[in-house]
Each structure stands twice: as C-alpha cells, then as structure tokens.
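Chemist: Numbering (the numbering used here), first residue to last: 3 to 302.
Ideal Cβ positions, reconstructed from N, Cα and C, are used throughout, including at glycine.
Can you read through this structure? Questions will come right after.
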C-alpha cells in the first residue's frame, strides 16, 4: 500500500508521506523537483528543467544529469513509503502527476477560485473562510531557499498571489465586522512587504475600527516615509483615502449626542385656592358692584 505524497512549496520546499518528512537530496535535485511542482500536472521540457536547475551553466550531459536526479527523487519517494508514479516520463520531458500527489499551491488555487465565486454571489462568510484556509497554507516566502533564478521568479509570483488573497480576505473580514482578525494576520505581512500599499491600507482601516486610531496613523506615517525614501513617491489614492477615513473616525463622537426635547406635557391645571375665604369674598363683591371691569392686585 502506498502513502500519499504531500508537497509544500508555499514556503521552504518540503515533501511528506504519512507525516514523515522525505529526504529530497541536494540543491540541484530539489530545484528540479521545485520546477516540476510549480507546473504540476503539465509536462516540462528538458530544456526548461535544465534552465531551472543550471541556468546558463548547463553540463554537456544535461539529459543524463536530469535523469539521474529524477531517479534520485523516485528512490526517495519509495523509501518514504510512496510507490505511486509521481514523476511521469514523457516523450519530451517529465510531468508531476497531481492525481497521486497533493500540492499545497494547487490546493490554495482551488480554494481561491471557490472563494471568488462565493464572494461574487454575495456569500461573504463562506468566501472569507475559504480565503482564510488558502492563506493558512503559506508558511513563508515560496521556495526562497533555492538558488535558482527561474525558481526565485516563480516563487515571487506565488508570493504575489498570497498578498492578493490576503487583501481580498481582509476586505471580506472588514465587511463582516472583524477588524481584530485582520490586524492579527496583516500586521506581519505589512512588516514583510512594507511597500505594498494595499496591505497597509487595509491594516490601517482594521486598526482604526478596532479602536487603535493612533496605531493606524503611525502605520500611515511609516508607509509614507518608506515610499518617499525608497521610491520617491507619495502614497497612492487608496492609502490616502484610508488615512482620511481614520481621521474622520477620530472626529466622530464615541456616542451620539441627543438634543434635549421640549416637554410634551404641560403642568396640571390649578384646581382651586385653599384658605383666604375673606379675601375671596371681597373680590367677588368688587366684581358684582363695579360698573366697569376692575383691576385687583393681590399681594402677600
């Protein structure tokens, strides 16, 4: 019985079988595997594989050298308990079979596609959950430890995808009213990618909505300073709008101020005087005897 091979390229290159880490060999053998994994399920020509492994310093027996390293990888997979044909020999090259192996980048792509569809249909909660699951597959910069220009370029493309997914996830989480979750995930990403304005913009909004307006303004100050120093540019529209949104939030009172309304009920009518019967009788007499309307003043 063969175990399922799990490949991870969203971070340092790793392979696992049943939780056991597979020994993948030296740097060139690992670069060859990485090149196959980046294009998992698609045939890679010998020329393309050679360029990924040796760049412009290819050996004369490059076909043989590639075959030796493919053999080494197959041997490592079998030693770990996987007898499935993971690396398939094709007429003009090799292909990594995705039907007998799991690749984290392929899983992240599938989750992202489903999340995008759900978001377009208005299912914010499920879309945010799937985006979050995709982000959780990343363990750091993709394949950064491999000394290959072609692999490094492909790794940067995967990292860019990570940042795009993070921004979409943050938008949905902010719409759900979960700013603290956004802060906890984006803070580290902004540290790693300080010039990525979209990330900083969303971090600022999350900080502000979590009641941390001072931190949001400090993040803007740091971002603007870096943009000026590194690129000679002022922040873009999105970052400036986020800054204004934070300032507007600080100007709004924490609780609405309610105007004091006029009383809707008048005091009850006076039912009658109590006591002073002699004075009341005198007033009644004046009213009866007077030929014209008198004016009476009561004092004391």
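1. Please list the segments of the beta strand (DSSP E) lying wholly inside the region 27-64, counting only runs of 3 or more residues, in order along the chain.
2. Mapping DSSP to helix, strand and coil, what is residue 8?
3. Could you check whether residue 84 and residue 7 sit closer than 8 Å to each other, using their CB atoms as the reference points?
4. How many Å lie between residue 103 and residue 222 at the Cα?
5. What are the start and end residues of the alpha helix (DSSP H) that includes residue 171?
6. Measure the Cβ-Cβ separation of residue 174 and residue 126 and say whether it is below 8 Å.
7. Buried or exposed: where does residue 271 fall if 16 or more other Cβ atoms within 10 Å of its Cβ makes it buried?
8. Do the region 28-39 and the region 176-188 make contact, defined as three or more Cβ pairs closer than 8 Å?
9. Going by C-alpha distance, which of 218, 10, 57 is nearest residue 42?
10. Answer with buried or exposed for residue 114, where buried requires no fewer than 16 other C-beta atoms within 10 angstroms of its C-beta.
11. Reducing DSSP to helix, strand and coil, say where residue 192 ends up.
12. Quick one: measure Cβ to Cβ for residue 112 and residue 121, integer angstroms, because I've assumed they're closer than 8 Å.
13. In chain order, what residues of the same chain lie with their CB nearer than 7 Å to the CB of residue 134, ignoring the 5 residues before and after it?
14. Is residue 142 helix, strand or coil when you go by DSSP?
15. With DSSP as the reference, identify every bridge partner of residue 96, one or two as the case may be.
16. In chain order, what residues of the same chain lie with their CB nearer than 6 Å to the CB of residue 90, ignoring the 5 residues before and after it?
17. Taking only the alpha-carbon atoms, compute the straight-line gap between residue 36 and residue 249 and give it to the nearest angstrom.
18. Assign residue 63 to buried or exposed, taking buried as 16 or more other Cβ atoms, counted over all protein chains shown, within 10 Å of its Cβ.
19. If we ignore side chains and look at the alpha-carbon of each, how far apart do residue 201 and residue 169 end up?
20. Give the single residue among 155, 48, 80 whose Cα lies nearest to the Cα of residue 65.
Modeler: On the basis of the coordinates in this document:
1. none
2. The residue you call residue 8 lines up with position 6 of the chain shown. Strand at residue 8.
3. As a position in the chain shown, residue 7 is number 5, starting the count at 1. As a position in the chain shown, residue 84 is number 82, starting the count at 1. Yes, the pair counts as a contact, with Cβ atoms nearer than the cut-off.
4. Your numbering for residue 103 matches position 101 in the chain shown. Your numbering for residue 222 matches position 220 in the chain shown. Straight-line Cα distance between these residues: approximately 44 Å.
5. Locating residue 171 in the chain shown gives position 169, where the first residue counts as 1. Where residue 171 is concerned, the enclosing alpha helix (DSSP H) stretches over 151-177.
6. Counting from 1 along the chain shown, the entry for residue 174 is found at position 172. Counting from 1 along the chain shown, the entry for residue 126 is found at position 124. Yes, the Cβ-Cβ distance between residue 174 and residue 126 is below 8 Å.
7. As a first step, residue 271 must be located in the chain shown, where it is residue number 269. With a pLDDT of only 46 at residue 271, under the threshold of 50, the placement of this residue in the model should not be trusted, and no figure is reported.
8. no
9. Within the chain shown, numbered from 1, the residue matching residue 42 stands at position 40. The candidate whose alpha carbon is nearest that of residue 42 is 10.
10. Numbered from 1 along the chain shown, position 112 holds the residue referred to as residue 114. By the 10 Å Cβ count, residue 114 comes out buried.
11. Within the chain shown, the letter at position 190 stands for residue 192. Three-state DSSP puts residue 192 in a helix.
12. Taking the chain shown and counting its residues from 1, one reaches residue 112 at position 110. Taking the chain shown and counting its residues from 1, one reaches residue 121 at position 119. Not really, about 15 Å apart at Cβ, beyond 8 Å.
13. Here residue 134 refers to the residue found at position 132 of the chain shown. Correct list, in chain order: 171.
14. Translated into the one-based positions of the chain shown, residue 142 becomes position 140. Note: residue 142 maps to coil in three-state DSSP.
15. The residue labelled residue 96 in the question sits at position 94 within the chain shown. Paired residues: 46, 91.
16. What you label residue 90 is simply residue 88 of the chain shown in a count that begins at 1. Correct list, in chain order: 97, 99.
17. Taking the first residue of the chain shown as 1, we reach residue 36 at position 34. Taking the first residue of the chain shown as 1, we reach residue 249 at position 247. For residue 36 and residue 249, the distance between alpha carbons rounds to 47 Å.
18. Along the chain shown, read from residue 1 onward, the residue named residue 63 stands at position 61. Exposed: under 16 other Cβ atoms inside 10 Å.
19. Here residue 201 refers to the residue found at position 199 of the chain shown. Here residue 169 refers to the residue found at position 167 of the chain shown. Between residue 201 and residue 169, the C-alpha separation is close to 6 Å.
20. Counting from one through the chain shown, the residue named residue 65 turns up at place 63. Cα-wise, what sits closest to residue 65 is 48.
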